[in-house]
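Novice: Per this note's numbering, the very first residue in the sequence shown carries number 26; after that it's consecutive. Backbone N, C-alpha and C fix where the C-beta goes; we use that ideal spot for every residue, glycine too. In this text the structure is predicted, and so the values were computed from the model without any measurement.
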Amino acid sequence: MLRTKDLLGRLDWPTALISTNGLNYIVTCVHQPAHNHFAFHRVYKGMTRLDPNFFFILVLLFLSAGCDDEHVQKLVILDQEFTLVFQEEGQLKDGAFKISFQEILEDSRCPSDVQCVWAGQAKVLLHFTEKNKPTDNVELILGVDNPELATKVIGAYTIRLLEVDPYPLSTREVAPSDYSIRLIILKD
26 MLRTKDLLGR
36 LDWPTALIST
46 NGLNYIVTCV
56 HQPAHNHFAF
66 HRVYKGMTRL
76 DPNFFFILVL
86 LFLSAGCDDE
96 HVQKLVILDQ
106 EFTLVFQEEG
116 QLKDGAFKIS
126 FQEILEDSRC
136 PSDVQCVWAG
146 QAKVLLHFTE
156 KNKPTDNVEL
166 ILGVDNPELA
176 TKVIGAYTIR
186 LLEVDPYPLS
196 TREVAPSDYS
206 IRLIILKD
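1) Leaving out the 5 sequence neighbours to the left and right, which residues in its chain are closer than 8 Å to Ile209 when beta-carbon positions are compared?
2) Reducing DSSP to helix, strand and coil, say where Leu150 ends up.
3) So for Ser125, helix, strand or coil by DSSP?
4) Quick check on DSSP: helix, strand or coil for Glu173?
5) If you draw a straight line from the alpha carbon of Val19 to that of Arg207, how long is it in whole angstroms?
6) Pick from Ser133, Ile124, Lys123 and Gln127: whose alpha carbon is nearest that of Leu194?
7) Between the Cα of Glu164 and the Cα atoms of Asn157, Ile179 and Lys156, which residue gives the shortest distance?
8) Can you say whether Gly115 is buried or exposed, counting buried as having 16 or more other CB atoms within 10 angstroms of its CB?
9) If you compare alpha carbons, which of Ala175, Glu113 and Pro136 is closest to Pro191?
10) What does the Cβ neighbour count give for Glu113, buried or exposed, with the cut at 16 atoms within 10 Å?
11) Tell me the DSSP bridge mates of Val189?
So, in structure tokens, the structure goes:
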């Protein structure tokens with residue numbers, strides 16, 4: 026059984042818990058590449074159900090919490106792996122560094138249900154901003170014999186591409202919006 030505090034710990038978005046009349050409500054500000062929206066859920070026996078009757082609480086809470094319509098950034102912690110979905114932006118806690126997953130440039134990896142002569146590679150385009158000054162876009166390549174192509178040093182930071190998901194299957198075409206990448210940022 027999933028408890029409310031366990032559920033809150035799994036959410037990646039700004040989240041608040043409201044308890045009223047013995048009921049627990051989870052309020053989240055959700056960002057997806059195409060749009061932002063609010064979600065308001067009532068916790069019921071370890072599960073959540075959408076509860077549209079309390080939209081006014083949601084609006085009041087997020088007006089005071091500062092959930093903007095522009096976008097919500099994922100918090101990135103140095104020396105810890107994190108995941109970005111297609112066109113999502115992550116930011117270091119101090120705001121000195123931002124990274125966004127712009128595009129999947131190539132995914133020629135051998136599908137997992139096929140035998141290939143060459144393993145292939147996945148190439149992604151990332152955009153970095155350091156101290157609010159945009160830097161060049163950077164391509165990182167995973168799956169080649171040279172692991173240095175999956176790593177880039179920008180200023181005092183080293184960014185390493187660890188994984189590109191989903192892994193290809195011969196029976197399924199992957200849309201760009203379905204991709205996610207796992208990264209780590211180290212400070213030199």
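Specialist: Inspection of the coordinates gives the following:
1) Asp104, Gln105, Glu106, Phe107, Ile184, Arg185 and Leu187
2) strand
3) strand
4) helix
5) With the chain covering only 26 through 213, there is no way to say anything about residue 19.
6) Ser133
7) Ile179
8) buried
9) Pro136
10) buried
11) Ile206
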